[in-house]
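A.B. asks:
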Amino acid sequence: MLVDLDNPIKDQAKYARILAWKRWINLSENQVSNNRAAGSALQVNAPVGRDVIKNQVNFGPTGQSAETDQERCRKALSKTNPYSNHGYQNIITDRGNVLNGTCRWIEEDDDFREWRRQSDKILWIRGGPGKGETFLSIHLTEYLKGQHLRQPLIGLPRPLVLTFFCSYANIERTVSVFVVRSLLAQLPEADGSLYEDVPPAFRDHEARKDDLFSNDNQEAMWGLVVKMLGRVKWQVYLVLDGPDECEDASINFLQIKLQHLYSTVTKA
Numbered sequence: 091m092l093v094d095l096d097n098p099i100k101d102q103a104k105y106a107r108i109l110a111w112k113r114w115i116n117l118s119e120n121q122v123s124n125n126r127a128a129g130s131a132l133q134v135n136a137p138v139g140r141d142v143i144k145n146q147v148n149f150g151p152t153g154q155s156a157e158t159d160q161e162r163c164r165k166a167l168s169k170t171n172p173y174s175n176h177g178y179q180n181i182i183t184d185r186g187n188v189l190n191g192t193c194r195w196i197e198e199d200d201d202f203r204e205w206r207r208q209s210d211k212i213l214w215i216r217g218g219p220g221k222g223e224t225f226l227s228i229h230l231t232e233y234l235k236g237q238h239l240r241q242p243l244i245g246l247p248r249p250l251v252l253t254f255f256c257s258y259a260n261i262e263r264t265v266s267v268f269v270v271r272s273l274l275a276q277l278p279e280a281d282g283s284l285y286e287d288v289p290p291a292f293r294d295h296e297a298r299k300d301d302l303f304s305n306d307n308q309e310a311m312w313g314l315v316v317k318m319l320g321r322v323k324w325q326v327y328l329v330l331d332g333p334d335e336c337e338d339a340s341i342n343f344l345q346i347k348l349q350h351l352y353s354t355v356t357k358a
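When the sequence shown is numbered by my numbering, its final residue is 358 and no position is left out of the sequence of numbers.
Structure, rendered in structure tokens:
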């Protein structure tokens, strides 16, 4: 399902390559104006250079530290993932908080409600720079996190909402490996039992003098993300904002992996 803001899209080709979607929602200018936060809330889409990112984490020889495998693993992951703690908080800090009531219109939208009934498993909000889709993503993140409080069933667990906010303004937010690494960090933050999958893989790579969380091990990290998701017993949402702002290779990687994950979930 697709939510489409009414201004032309700056790069149709990139959007067309992300996933195949079913439905469009055309939003009015009033709705667009209601997507912005107080103060300076326009999106910044300045291009940045495509410099090669090199991981800076170093591992000392085994036995030089009293740290356990799990402690070393957690420390390494935290160092390589600056956005594990809900990246949209940085956006709020930079641009100001969302005004009370902003973006609530989408909760009443018929197509959004149909998506909530799970007729589709994907919701796509699309718009040009500065149209407010990032703040819609922030609003929907909070909305989905709190949905268990609005359900009539007693004891319904809080859903797991994973997020990543891509941005031209920061090269680390334009590369798929940072998306994967952030998801890998967020999952055990939400459910500590999921973390048990990480240290064994970390030790295997460390024994080969390799860093599991380096850019070269994107596939291995994605495999851990999928493995963790397979063990989650409650509802999981992924809010991925601005994937078109990623570099081409990263868009291709995310497209392939998310399509496969989506098809797996759909068949389940």
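Where a beta carbon is used, it is the ideal one built from N, C-alpha and C, also for glycine. From a predicted model like this one, the values you see are computed outputs, not experimental measurements.
#1: Looking only at C-alpha atoms, which of Val-251, Asp-306 and Met-311 sits nearest to Pro-290?
#2: Assuming Asp-331 contacts Ser-227 (C-beta within less than 8 angstroms), just tell me the rounded distance between them.
#3: Pull up the distance between the alpha-carbon of Asn-175 and that of Asp-200, whole angstroms please.
#4: Could you give the DSSP three-state label for Arg-248: helix, strand or coil?
#5: Would you report the Cα separation of Asn-187 and Ala-166, rounded to the nearest angstrom?
#6: Let me make sure I understand the geometry here. Which of Val-322, Ala-280 and Val-269 has the alpha-carbon closest to that of Glu-309?
#7: Given Leu-234, which residues of its chain have a CB within under 8 angstroms of its CB, disregarding the five upstream and five downstream residues?
#8: What separation, rounded to the nearest whole angstrom, lies between the Cα atoms of Val-265 and Gln-345?
#9: Using CA atoms only, rank isn't needed, just tell me which of Ile-212, Lys-169 and Ile-181 is closest to Trp-352.
#10: Does DSSP put Leu-330 in a helix, in a strand, or in coil?
#11: Among residues of its own chain, excluding the 5 on either side of Ala-280, which ones have a beta-carbon nearer than 6 angstroms to its beta-carbon?
#12: Under three-state DSSP, which class holds Trp-195?
#13: Can you name the residues that DSSP bridges to Thr-253?
#14: Are Arg-263 and Ser-257 close, meaning C-beta to C-beta below 7 angstroms?
#15: Whose CA, out of Leu-230, Trp-205 and Pro-247, lies closest to the CA of Thr-192?
#16: Please name the residue in Thr-253, Leu-189 and Arg-162 whose C-alpha comes closest to that of Tyr-178.
#17: Using the rule of at least 16 other Cβ atoms within 10 Å of the residue's Cβ for burial, across every protein chain shown, is Asp-338 buried or exposed?
#18: Identify whether Ser-227 lies in helix, strand or coil by the three-state DSSP scheme.
#19: Specify the secondary structure class of Ser-340 as computed by DSSP and reduced to three states.
#20: According to DSSP, simplified to helix, strand and coil, what is Trp-205?
#21: Specify the secondary structure class of Asn-307 as computed by DSSP and reduced to three states.
#22: Quick check on the burial criterion: 16 or more other C-beta atoms within 10 angstroms. Buried or exposed for Phe-343?
#23: Whole-angstrom Cβ separation of Pro-321 and Leu-284, contact assumed at under 8 angstroms?
#24: On the DSSP letters alone, give me the boundaries of the alpha helix (DSSP H) that Asn-187 sits inside.
#25: In whole angstroms, give me the CA-to-CA distance for Gly-217 and Thr-224.
#26: Answer yes or no: do Asp-159 and Arg-293 have a C-beta to C-beta separation smaller than 7 angstroms?
#27: Going by beta-carbon coordinates alone, are Leu-314 and Leu-274 separated by less than 7 angstroms?
C.D. replies: Inspection of the coordinates gives the following:
#1: Met-311
#2: 4 angstroms
#3: The pLDDT assigned to Asn-175 is 45, lower than 50, so where the model puts this residue is not dependable; a value taken from the coordinates is nonetheless given after this. Cα to Cα, Asn-175 sits roughly 32 angstroms from Asp-200.
#4: coil
#5: 31 angstroms
#6: Val-269
#7: Pro-249, Val-251, Tyr-327 and Val-329
#8: 13 angstroms
#9: The sequence shown places Tyr at residue 352, rather than the Trp named in the question. With distances taken between Cα atoms, Tyr-352 lies closest to Ile-212.
#10: strand
#11: Leu-250
#12: helix
#13: Val-329
#14: yes
#15: Leu-230
#16: Thr-253
#17: exposed
#18: helix
#19: helix
#20: helix
#21: helix
#22: buried
#23: Note that residue 321 is Arg in the sequence shown, not Pro. Yes, they are in contact, since the Cβ atoms of Arg-321 and Leu-284 sit about 6 angstroms apart, within 8 angstroms.
#24: Unbroken run through Asn-187: none, as it is neither H nor E.
#25: 10 angstroms
#26: yes
#27: yes
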